[in-house]
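Numbering (this note's numbering), first residue to last: 20 to 361.
Beneath this line is the structure, given in structure tokens, with notes to follow.
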Amino acid sequence: MSVQIGPISTSLYRYLAENSYSHIAVIADEHTNKYCLPKIKSLLPSKFTKIIIKSGEENKTLHTCERIWDIMTKSNMDRHSLVINLGGGVIGDMGGFCAATYKRGIDFIQIPTTLLAQVDASVGGKLGIDFQSFKNHLGVFQLPKSVLIDPDFIQTLPERQKLSGYAEIIKHCLIRDEEKWEEISHKGFEDINFADLISHSVEIKKAVVAEDPKEAGLRKILNFGHTLGHAVETYLLNLGKRRILHGEAIAVGMIMEAFIAYHRSLIRQEELESIEIYLFETYGRVKLTVDEIPAIIKLTAQDKKNRGGEIRFSLLTGIGDCGYDIPVSTSEMKKAIAYYIG
Ligand SMILES: NC(=O)c1ccc[n+]([C@@H]2O[C@H](COP(=O)([O-])OP(=O)(O)OC[C@H]3O[C@@H](n4cnc5c(N)ncnc54)[C@H](O)[C@@H]3O)[C@@H](O)[C@H]2O)c1
Ligand SMILES: [Zn+2]
Numbered sequence: 020m021s022v023q024i025g026p027i028s029t030s031l032y033r034y035l036a037e038n039s040y041s042h043i044a045v046i047a048d049e050h051t052n053k054y055c056l057p058k059i060k061s062l063l064p065s066k067f068t069k070i071i072i073k074s075g076e077e078n079k080t081l082h083t084c085e086r087i088w089d090i091m092t093k094s095n096m097d098r099h100s101l102v103i104n105l106g107g108g109v110i111g112d113m114g115g116f117c118a119a120t121y122k123r124g125i126d127f128i129q130i131p132t133t134l135l136a137q138v139d140a141s142v143g144g145k146l147g148i149d150f151q152s153f154k155n156h157l158g159v160f161q162l163p164k165s166v167l168i169d170p171d172f173i174q175t176l177p178e179r180q181k182l183s184g185y186a187e188i189i190k191h192c193l194i195r196d197e198e199k200w201e202e203i204s205h206k207g208f209e210d211i212n213f214a215d216l217i218s219h220s221v222e223i224k225k226a227v228v229a230e231d232p233k234e235a236g237l238r239k240i241l242n243f244g245h246t247l248g249h250a251v252e253t254y255l256l257n258l259g260k261r262r263i264l265h266g267e268a269i270a271v272g273m274i275m276e277a278f279i280a281y282h283r284s285l286i287r288q289e290e291l292e293s294i295e296i297y298l299f300e301t302y303g304r305v306k307l308t309v310d311e312i313p314a315i316i317k318l319t320a321q322d323k324k325n326r327g328g329e330i331r332f333s334l335l336t337g338i339g340d341c342g343y344d345i346p347v348s349t350s351e352m353k354k355a356i357a358y359y360i361g
């Protein structure tokens with residue numbers, strides 16, 4: 020998988036000069052249409068198809084895919100066409116899924132424009148959409164032709180979205196790089212050099228995915244914080260008003276799952292404390308009540324890492340190390356959520 024980090028004017032120009040396509044479609048949402056498309060428009064052929072969808076996780080649905088496939092069909096896109104996904108993880112996952120299934124699959128490239136998509140979603144070939152109330156329930160593995168990352172895109176990103184992406188950067192440090200964790204955990208969010216951290220995170224994600232592209236084993240470590248994090252995200256998403264962003268939910272999940280690791284003596288108390296202090300300082304505490312614990316636990320049953328009804332977690336085995344396929348009981352999950360609630 021080719022990942023280029025640098026000015027989009029150079030990387031996209033080069034990609035289009037080296038590859039020839041009969042037609043190009045750009046998928047964007049209203050925000051990336053406004054802030055990001057102007058930065059690449061002059062590099063595109065005059066007759067490209069613009070597909071604008073509504074932003075937001077609630078639109079990552081089969082219904083939106085139908086609209087995308089409809090426009091691709093009406094634009095007579097053939098198998099030698101290219102789809103450019105210009106946006107955050109929602110566009111990347113859904114646009115990639117549409118391209119990977121259109122006429123049994125056409126080329127697509129990812130131009131991630133959120134921090135989360137740059138350090139995580141755009142790398143690794145997981146594509147898909149939500150179905151009913153389940154996140155990423157339908158999808159495929161398919162690598163993009165290229166991922167073109169320009170850290171400049173995140174300049175127009177709202178602060179809350181930046182923080183959401185930062186949670187995946189923290190995750191990458193916790194599972195693979197103790198030294199980097201030491202460095203970032205002693206810095207405030209304001210003092211961060213994003214260009215440097217983006218390359219660091221992409222290297223970690225690329226290395227893990229290269230070893231295990233289809234998530235047979237090692238790749239599961241990237242799901243640290245995601246079993247309970249996803250459950251909390253889905254629980255709050257279904258409630259509507261209290262919904263939180265993906266990375267915010269992962270920050271919650273990382274505290275809960277670090278507690279489980281501590282409870283099993285996989286990490287030391289000081290390690291749990293350093294994780295907890297930094298994440299609470301950076302993200303605050305999401306309000307949950309003890310009454311809500313059973314509903315959150317119920318949602319972990321849909322986690323894609325489960326096997327034969329067992330709920331399996333990726334747990335830290337130290338800072339910078341992570342194990343996977345570790346069955347966790349309902350009572351441990353209960354304790355972990357209660358610990359987070361405080
Ligand atoms: N495929 C994977 O491996 C993977 C990994 C992690 C997350 N994901 C998925 O990614 C999605 C979350 O991605 P996200 O956090 O990027 O959300 P998102 O795509 O919803 O983008 C967040 C918001 O930022 C706006 N935006 C995007 N770029 C902008 C820019 N440069 N300036 C201003 N606004 C901009 C978008 O319009 C949107 O409103 C979830 O659906 C999650 O499941 C996938
Ligand atoms: Zn994530």
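Just so you know, even glycine gets a beta-carbon here, dropped at the ideal spot from N, CA and C.
In this text the structure is predicted, and so the values were computed from the model without any measurement.
Residue i to residue j, Cα distance in whole Å?
i      : j      : result
Ile103 : Ile46  : 6 Å
Leu335 : His42  : 46 Å
Asn257 : Lys122 : 34 Å
Lys66  : Asp231 : 39 Å
Ile345 : His156 : 22 Å
Asn240 : Ile194 : According to the sequence displayed, residue 240 carries Ile and not Asn. Distance between the alpha carbons of Ile240 and Ile194: 7 Å.
Asp97  : Gly339 : 46 Å
Tyr358 : Met275 : 7 Å
Asn78  : Val109 : 8 Å
Ala44  : Gln151 : 28 Å
Asp126 : His99  : 8 Å
Val166 : Lys225 : 11 Å
Glu76  : Asp112 : 11 Å
Asn52  : Asp149 : 23 Å
Met20  : Pro163 : 7 Å
So, helix, strand or coil for residue i, using DSSP?
i      : result
Tyr40  : coil
Gln161 : coil
Pro64  : coil
Asn52  : helix
Arg86  : helix
Gly111 : helix
Arg326 : strand
Ser28  : helix
Ala186 : helix
Asp401 : The displayed coordinates of the chain run from 20 to 361. Any statement about residue 401 would go beyond what the structure contains.
Lys233 : coil
Val22  : strand
Ile71  : strand
Starting from residue i, follow its DSSP beta bridges and name the residues at the other end.
i      : result
Leu256 : Leu256 is not bridged to any residue.
Ile117 : Per the sequence presented here, residue 117 reads as Cys, with Ile not at that position. Per DSSP, none; premise fails for Cys117.
Phe153 : Phe150
Ser100 : His42
Pro346 : Arg331
Phe127 : Val102
Gly244 : None, per the DSSP bridge assignment.
Taking 7 Å as the cut-off, is the C-beta of residue i nearer than that to any heavy atom in ligand 4?
i      : result
Gln180 : The model on display carries ligand 1 and ligand 2 but not ligand 4.
Among the candidates the options, whose CA atom is the shortest distance from the CA of residue i?
i      : options                        : result
Asp171 : Pro163, Asn212, Gly207         : Asn212
Gly207 : Tyr297, Thr132, Ile345         : Tyr297
His219 : Thr246, Leu247, Glu234, Lys190 : Lys190
Gly115 : Gly158, Asp139, Ser152         : Gly158
Gly25  : Gly361, Arg331, Gln137, Ile315 : Gln137
Leu291 : Met273, Glu300, Leu307         : Met273
Gly342 : Arg283, Gly328, Gly144         : Arg283
Thr175 : Leu35, Ser293, Gly107, Gly75   : Gly107
Leu182 : Ile263, Thr246, His50, Trp200  : Ile263
Tyr32  : Ser39, Leu62, Asn38            : Leu62
Gly244 : Ala119, Met352, Ser100         : Met352
Lys260 : Leu285, Asp215, Gly248, Lys306 : Lys306
Thr92  : Thr80, Cys117, Leu81           : Cys117
Is there a Cβ from chain B that is less than 8 Å from the Cβ of residue i?
i     : result
Asp97 : No chain B is present in this structure, which holds just one protein chain.
Environment of ligand 2 in chain order, Cβ to heavy atom below 6 Å:
Asp139, Glu187, His245, His265, Ile269
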